[in-house]
Amino acid sequence: MSDSEKLKAAVEAWSAKADKAAARYPERKKAFVTGSNAPVNRLYSPLDTENKDYLESVGLPGEYPYTRGVQTTMYRGRLWTMRQYAGFATAEESNARYKYLLAQGQTGLSVAFDLPTQIGYDSDHALAAGEVGKVGVAIDSLEDMETLFAGIPLDKVSTSMTINAPASVLLAMYIAVAEKQGVSADKLEGTIQNDILKEYIARGTYIYPPGPSMRLITDIFAYCSAKVPNWNTISISGYHIREAGATAVQEVAFTLADGIAYVEAAIKAGLSVDDFAPRLSFFFNAHNDLFEEVAKFRAARRVWAHIMKERFGAKNPKSLMLRFHTQTGGSTLTAQQPENNVVRVAVQALAAVLGGTQSLHTNSRDEALALPSEDSVRIALRTQQILAYESGVAETPDPLAGSYYVESLTDSIETGVLAYIRRIDDLGGAVKAIEKGYIQQEIQDSAYAWQMDVEKNERIVVGLNKFQVKEASPKGLLRVDPVVGERQVAKLAALKAKRDNLAVKDALAALKKAAEGEDNLMPPILSAVKAYASLGEICDVLRNVFGEYRPSVMF
Amino acid sequence: MYEDLARRCLDGEVRAVARFVSLLEDGDRRAYNAMSAFASTMGKAQILGITGPPGSGKSTLTDKLIGYFRGQEKKVAVIAVDPSSPFSGGAILGDRLRMQGHAVDPGVYIRSLASRGQLGGLSKATAFAVRVLEAAGYDIVIIETVGVGQSEIDIVKVADTVVLVSVPGLGDDIQVIKAGIMEIGDIFVVNKADRDGADRVVREIRAMLETQAALKRGKSPSAGPDTLALRSAELLHHGQTGAAPSSQIEQIEAEELPPVMKTVAETGEGVPELGARILSRFEGDRLSGALESRRLSSIKAQLKDIAAWQLLDLFADSGGDGRLDSLAEAVHSRSMDIYGAAKKLTATLVKGEQA
Amino acid sequence: MERKIRVIVAKPGLDGHDRGAKVIARALRDAGMEVIYTGLRQTPEQIVQAALQEDADVVALSILSGAHNHLFPRVVELLKEKGAEDILVFGGGVIPEDDIPFLKSKGIAEVFGPGTPTQTTVDFIKTHLKRS
Numbered sequence: 032m033s034d035s036e037k038l039k040a041a042v043e044a045w046s047a048k049a050d051k052a053a054a055r056y057p058e059r060k061k062a063f064v065t066g067s068n069a070p071v072n073r074l075y076s077p078l079d080t081e082n083k084d085y086l087e088s089v090g091l092p093g094e095y096p097y098t099r100g101v102q103t104t105m106y107r108g109r110l111w112t113m114r115q116y117a118g119f120a121t122a123e124e125s126n127a128r129y130k131y132l133l134a135q136g137q138t139g140l141s142v143a144f145d146l147p148t149q150i151g152y153d154s155d156h157a158l159a160a161g162e163v164g165k166v167g168v169a170i171d172s173l174e175d176m177e178t179l180f181a182g183i184p185l186d187k188v189s190t191s192m193t194i195n196a197p198a199s200v201l202l203a204m205y206i207a208v209a210e211k212q213g214v215s216a217d218k219l220e221g222t223i224q225n226d227i228l229k230e231y232i233a234r235g236t237y238i239y240p241p242g243p244s245m246r247l248i249t250d251i252f253a254y255c256s257a258k259v260p261n262w263n264t265i266s267i268s269g270y271h272i273r274e275a276g277a278t279a280v281q282e283v284a285f286t287l288a289d290g291i292a293y294v295e296a297a298i299k300a301g302l303s304v305d306d307f308a309p310r311l312s313f314f315f316n317a318h319n320d321l322f323e324e325v326a327k328f329r330a331a332r333r334v335w336a337h338i339m340k341e342r343f344g345a346k347n348p349k350s351l352m353l354r355f356h357t358q359t360g361g362s363t364l365t366a367q368q369p370e371n372n373v374v375r376v377a378v379q380a381l382a383a384v385l386g387g388t389q390s391l392h393t394n395s396r397d398e399a400l401a402l403p404s405e406d407s408v409r410i411a412l413r414t415q416q417i418l419a420y421e422s423g424v425a426e427t428p429d430p431l432a433g434s435y436y437v438e439s440l441t442d443s444i445e446t447g448v449l450a451y452i453r454r455i456d457d458l459g460g461a462v463k464a465i466e467k468g469y470i471q472q473e474i475q476d477s478a479y480a481w482q483m484d485v486e487k488n489e490r491i492v493v494g495l496n497k498f499q500v501k502e503a504s505p506k507g508l509l510r511v512d513p514v515v516g517e518r519q520v521a522k523l524a525a526l527k528a529k530r531d532n533l534a535v536k537d538a539l540a541a542l543k544k545a546a547e548g549e550d551n552l553m554p555p556i557l558s559a560v561k562a563y564a565s566l567g568e569i570c571d572v573l574r575n576v577f578g579e580y581r582p583s584v585m586f
Numbered sequence: 246m247y248e249d250l251a252r253r254c255l256d257g258e259v260r261a262v263a264r265f266v267s268l269l270e271d272g273d274r275r276a277y278n279a280m281s282a283f284a285s286t287m288g289k290a291q292i293l294g295i296t297g298p299p300g301s302g303k304s305t306l307t308d309k310l311i312g313y314f315r316g317q318e319k320k321v322a323v324i325a326v327d328p329s330s331p332f333s334g335g336a337i338l339g340d341r342l343r344m345q346g347h348a349v350d351p352g353v354y355i356r357s358l359a360s361r362g363q364l365g366g367l368s369k370a371t372a373f374a375v376r377v378l379e380a381a382g383y384d385i386v387i388i389e390t391v392g393v394g395q396s397e398i399d400i401v402k403v404a405d406t407v408v409l410v411s412v413p414g415l416g417d418d419i420q421v422i423k424a425g426i427m428e429i430g431d432i433f434v435v436n437k438a439d440r441d442g443a444d445r446v447v448r449e450i451r452a453m454l455e456t457q458a459a460l461k462r463g464k465s466p467s468a469g470p471d472t473l474a475l476r477s478a479e480l481l482h483h484g485q486t487g488a489a490p491s492s493q494i495e496q497i498e499a500e501e502l503p504p505v506m507k508t509v510a511e512t513g514e515g516v517p518e519l520g521a522r523i524l525s526r527f528e529g530d531r532l533s534g535a536l537e538s539r540r541l542s543s544i545k546a547q548l549k550d551i552a553a554w555q556l557l558d559l560f561a562d563s564g565g566d567g568r569l570d571s572l573a574e575a576v577h578s579r580s581m582d583i584y585g586a587a588k589k590l591t592a593t594l595v596k597g598e599q600a
Numbered sequence: 631m632e633r634k635i636r637v638i639v640a641k642p643g644l645d646g647h648d649r650g651a652k653v654i655a656r657a658l659r660d661a662g663m664e665v666i667y668t669g670l671r672q673t674p675e676q677i678v679q680a681a682l683q684e685d686a687d688v689v690a691l692s693i694l695s696g697a698h699n700h701l702f703p704r705v706v707e708l709l710k711e712k713g714a715e716d717i718l719v720f721g722g723g724v725i726p727e728d729d730i731p732f733l734k735s736k737g738i739a740e741v742f743g744p745g746t747p748t749q750t751t752v753d754f755i756k757t758h759l760k761r762s
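Here's what the structure looks like:
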């Protein structure tokens, strides 16, 4: 008998024994599934991975197809970037919070903007009422941006900005602030999210229809590859897709499908793939099913490497590497017994680190209740530091590789992802699939199924549908002072009174002309920003030329 | 209460209109009786039907048309019909979403109706809701419905003018507008006309219209939809190869055929032209008398439907359901044939005979 | 024919997180109600007009951005102005417990936090309808 035959016989014998045992002492559940409803077998053994060529499908860290990670020695060289998303109320307060976080040992900044800013409205817009400074900082003009980064040398930090539809405007403001600090654009490091497709799919802060939105994005690619070479021009995001209810497979599939759409758009705009692909980055979620999540990150890297090499013919190894930021899953946190969230976040953060993330945001325990308080943010950051310095998981790359279970999950996620990508290709690509509501519908179906499973107690959420306690309402939640809105409106009015309004008018007229034509929009946006045109004024010019997106709803 | 509600509808009071429509939907007979208050306003509004396949952009187009008609100083009401869930009887109605730009304009009223058991068709209340909106002073009442199943056939029974919307890229283009429903369109629209393939869809629709007109002229009275589709394909083939059209087609004068117009609803392109065409079509039909004969046949069709519903009501009221059970038993046990049993049942209604 | 409960499901304010609103919309449909889904970025004025024109029995509001204290009471206020106090208004989303008494004092019938089973919402509507 060969070794393989021996193994097969042994596994068969074991299965018979296990069946007998299960007949006498029934297993806990009829069907075991992952957090995303994928089946989990009773046993994984070398038989599950024996048909795979190790070097071809798994390989070594830092080598194609990058299943085991994009750096050769991973965290032995440098730990992941610990980057907490933060931004509150006004530029002054956010500036103080950033300085606090940097002093606490955080290594990168992450800017959260308020919703009016994300949708390109000034703080004095009718729809901004009640929203100014609520979920992030309000930025109306370059003046606010100067305050936001006052005393923070922009050549010394890397800054991630969660901004999409008006990404060009905020990036232009950042470049302009740096210039005033005497830092040239080629010294800047950071990321803009700039991923409009997932806004249509899941997050909702879109402005323009897909066509012109894709143009704005490819204009940024082109501009940055020449002028801001160390900037990550897009963070293709599965995070919000997962938050909207997608499964792990859907999260990866729809994110990579969006990625394909951006690459195609850039190529169509005349860029060569290796000029912009190394600056593409990704952003994923981390949920509670530890092994499935680790497998998800590994599968995502492998699929992307294949896509870039085979579909787009990329040559530069950096073009093939899927680098990603991770945030732990906000939708997994419970408002009930919120202290338990600290544990959930620890498990999720562990998954991200075992999955080889490049940077990580850990959620705060009170996020299901309100915006996080300073204490909660510190615990969240400490969770990462404990993983990094005490747990030992960062000491060797991809430590779960070779686990029969994890390798098998990695393969099955890959298969599921490829099937979705084929389906989306058949529909004409991600943009078409979004316009048809296909992607949104798939996610909604998963979200509804999850909710029903929880309501039928087929899925246990500790503290929510099992192990409940009577509890007092939590105290000490962070609140945004409602006068923030008024102060911001006053500041904007004062700016409009003192700036050179003729220069603003000229800059906006030039922007309009460029938008109607085909020139790259970054230079005229930068000029308008430097003239202190407001975010709302700039976005309104583009709204008038491009129109506004209206979603199709399907249930 | 009902008379008072009807009076408030005539005053154009939004809440009263909304309530009245709900009562009609719920099948409240007293509300139907109170409809007599609207006799004097009947026929005042132009009733416009807009239908097309899912994803053709009907709601966005409707939204833009509302804007156009408002610019012409017309008050506009919209009835958007979506299917009810066959399982729960509930519904999610989402068409309003794309018309929210007009939500706070007092000259615009938007109402979503679920089809409520009318499989794939319009809600029974639609034709009556139209009369209420007309009574409330809306100059144009738009009925927007997805073109599947029965609804596009239903829509001709209610609308004065029917706009059939189609769009490039929905798969096999020739299938987009099925041969059988070509006849109901007064104006054809190819929306999302900035996309590849728009001109092809326009050509295909024209070809089908021309073939249909040729058939109507009696050249081939026995031709069914299959022949029609075949002829269209033939015609299209000619068009593409640049060969001269057959002599049969040459005789058709283009003016007789419904127009095929292109729009890009998202940007509003082509919408003013479409809006103007809709209004002029209505005026033309009014002057020519076509409107009156169309409305008369609409009334006939509706009358038949209503009579059938009334019979069913009567059937239920007169204990017909109980009688049904015993007759079904009889047929099942082979003591009566089904045709004879049905005759007995209808006799119950005609004579008012009790079970 | 039976009388159907008609519900407006709306997202006032600017946040785009509509997972909860969509799950609720489906659950209400599956409970036999007619749901008018108005989508994102609704002003209180738009929501109230929709409620009036659609003859809604219920307005269900969802918000996660923290603007609830400003936007929820405004909806109730506008309904009152139009003489439509008989429309039941409730809300859900990320809303701190401390804000609930204030919202209730402003006429929001109930506030459902994260993790509320959809059946709870269905039952609440059925037992709290203000119109017969």
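Chains as they are written, first to last, in my numbering: chain C, 32 to 586; chain A, 246 to 600; chain H, 631 to 762. Don't be surprised by glycine CBs; every beta carbon is placed ideally from N, CA and C.
### Query
Which chain C residues sit within Cβ distance under 9 Å of G300/A?
Here residue 300/A is taken as the residue at index 55 of the second sequence, counted from 1. Ordered by position in chain C, the residues that pass the 9 Å Cβ test against G300/A are E466, K467, G468, S583.
### Query
If we cut at 8 Å on Cβ distances, does L701/H have a partner in chain C?
For the purposes of this step, residue 701/H is taken as the residue at position 71 of the third sequence. Judged by the 8 Å Cβ criterion, L701/H is in contact with chain C.
### Query
Can the beta-carbon of S695/H be found less than 8 Å from the beta-carbon of L146/C?
Here residue 695/H is taken as the residue at index 65 of the third sequence, counted from 1. Here residue 146/C is taken as the residue at index 115 of the first sequence, counted from 1. Yes, they are a contact pair.
### Query
Span of the alpha helix (DSSP H) holding M192/C?
The residue given as residue 192/C occupies position 161 in the first sequence. Here M192/C belongs to no alpha helix (DSSP H); instead the beta strand (DSSP E) covers 189-192.
### Message
If distances are taken between C-alpha atoms only, which option among G529/A, L269/A, S301/A comes closest to R376/A?
### Response
Locating residue 376/A in the second sequence gives position 131, counting from the first residue. Among G529/A, L269/A, S301/A, the Cα nearest to that of R376/A belongs to L269/A.
### Query
Comparing the C-beta of T365/C with each C-beta of chain H, is any distance below 8 Å?
If you number the first sequence from 1, residue 365/C lands on position 334. Yes, its Cβ sits closer than 8 Å to a Cβ of chain H.
### Query
Q415/C touches chain H at which residues, Cβ-Cβ below 8 Å?
Your numbering for residue 415/C matches position 384 in the first sequence. Correct list: empty, because the minimum Cβ distance to chain H is about 24 Å.
### Task
Return yes when the Cβ of A279/C is within less than 8 Å of the Cβ of I444/C, no when it is not.
Within the first sequence, numbered from 1, the residue matching residue 444/C stands at position 413. Within the first sequence, numbered from 1, the residue matching residue 279/C stands at position 248. Closer than 8 Å, so yes.
#### Entry: T751/H, DSSP secondary structure in three states
Here residue 751/H corresponds to residue number 121 of the third sequence, with the count starting at 1. Looking at T751/H - three-state DSSP - the assignment turns out to be helix.
### Query
What does G352/A reach in chain H if we use C-beta pairs closer than 7 Å?
To locate residue 352/A, count along the second sequence from 1; it is residue 107. Correct list: empty, because the minimum Cβ distance to chain H is about 12 Å.
### Task
Determine which residues of the region 128-148 of chain C have a Cβ less than 8 Å from any Cβ of chain H, and write them out in chain order.
L146, P147
### Message
Classify R59/C: buried if its beta carbon has 16 or more other beta carbons within 10 angstroms, exposed otherwise.
### Response
Here residue 59/C refers to the residue found at position 28 of the first sequence. Exposed, by the Cβ-count rule.
### Message
Please confirm whether E389/A has its beta-carbon closer than 8 Å to some beta-carbon of chain C.
### Response
As a position in the second sequence, residue 389/A is number 144, starting the count at 1. No, no contact with chain C.
### Query
Does DSSP classify Y277/A as helix, strand or coil?
The count along the second sequence starts at 1 and reaches residue 277/A at position 32. Y277/A: helix per DSSP, three-state reduction.
### Task
Evaluate P731/H with the Cβ neighbour count: other Cβ atoms within 10 Å of its Cβ, from every protein chain shown; 16 or more gives buried, anything less gives exposed.
As a first step, residue 731/H must be located in the third sequence, where it is residue number 101. That one is exposed.
#### Entry: Any chain H beta carbon closer than 8 Å to Q555/A
Here the question's residue 555/A lines up with position 310 in the second sequence. No - not a single Cβ of chain H is within 8 Å of the one on Q555/A.
### Query
From Q67/C to E501/A, what does the alpha carbon distance come to, in whole angstroms?
Against the first sequence, residue 67/C aligns to sequence position 36. Against the second sequence, residue 501/A aligns to sequence position 256. Strictly speaking, residue 67/C in this sequence is Ser, with Gln absent from that position. Distance between the alpha carbons of S67/C and E501/A is about 59 Å.
### Query
Looking at the C-beta of R659/H, does it have a partner C-beta in chain A at a distance below 8 Å?
Sequence index remark: in the third sequence, residue 659/H carries index 29 (1-based). Yes, R659/H lies at the interface with chain A (some Cβ there is under 8 Å from its Cβ).
### Query
Going along chain A in order, which residues have a C-beta closer than 7 Å to the C-beta of I666/H?
Working through the third sequence from its first residue, we reach residue 666/H at position 36. Correct list: L338, R341, S357.
#### Entry: Residue from Q555/A, I400/A, I355/A with nearest C-alpha to R539/A
Start at 1 with the first residue of the second sequence, and residue 539/A comes out as number 294. It is I400/A.
### Message
Spatial neighbours of R526/A within its chain, please: C-beta separation below 8 Å, excluding the five flanking residues on both sides.
### Response
Working through the second sequence from its first residue, we reach residue 526/A at position 281. Same-chain partners within the cutoff: T406, D431, I432.
### Message
Using a Cβ-Cβ cutoff of less than 6 Å, which residues in the same chain neighbour P328/A once the five nearest sequence positions on both sides are dropped?
### Response
Here residue 328/A refers to the residue found at position 83 when the second sequence is read from its first residue. Around P328/A: S360.
### Query
What does DSSP give as the partner residues of W262/C in its beta bridges?
Looking up residue 262/C in the first sequence gives position 231. Note: W262/C sits in a beta bridge opposite G221/C.
### Query
Looking only at its own chain, which residues have a Cβ that is under 7 Å from the Cβ of K543/C, when we skip the five neighbours before and after it?
As a first step, residue 543/C is located in the first sequence; it is residue number 512 there, counting from the start. Taken in chain order, the residues that qualify are V572, V576.
### Message
I'd like the span of the beta strand (DSSP E) that includes F313/C, first residue to last.
### Response
Here residue 313/C is taken as the residue at index 282 of the first sequence, counted from 1. Residues 311-317.
### Query
Under the rule that 16 or more other beta-carbon atoms within 10 Å means buried, what is H577/A, buried or exposed?
Counting from one through the second sequence, the residue named residue 577/A turns up at place 332. Classification of H577/A: exposed, given that the 10 Å Cβ count is below 16.
### Query
CB-CB under 8 Å to L557/C, same chain, minus the five flanking residues each way: which ones, in chain order?
Residue 557/C sits at position 526 when you count from the first residue of the first sequence. Answer for L557/C: A203, I206, A207, listed in chain order.
### Task
Output yes if chain A places a C-beta closer than 8 Å to the C-beta of R633/H; else output no.
As a position in the third sequence, residue 633/H is number 3, starting the count at 1. Output row for R633/H: interface = yes.
### Query
Going by other Cβ atoms of all chains shown within 10 Å of its Cβ, with 16 needed for buried, is L228/C buried or exposed?
Taking the first residue of the first sequence as position 1, residue 228/C is located at position 197. By the 10 Å Cβ count, L228/C comes out buried.
### Task
Flag R252/A as yes if its beta-carbon sits less than 8 Å from any beta-carbon of chain H, otherwise no.
Your numbering for residue 252/A matches position 7 in the second sequence. With 8 Å as the cut-off, R252/A does not count as an interface residue toward chain H.
#### Entry: Partners in chain C for T512/A, counting only beta-carbon separations shorter than 8 Å
Counting from 1 along the second sequence, the entry for residue 512/A is found at position 267. Simply G578.
### Task
In angstroms with no decimal places, state the Cα-to-Cα distance between A181/C and S125/C.
The residue given as residue 181/C occupies position 150 in the first sequence. The residue given as residue 125/C occupies position 94 in the first sequence. Those two C-alpha atoms are separated by around 11 Å.
### Query
Excluding five sequence neighbours on each side, which residues of the same chain lie with their C-beta closer than 7 Å to the C-beta of Y313/A?
Working through the second sequence from its first residue, we reach residue 313/A at position 68. Same-chain partners within the cutoff: V516, P517, G520.
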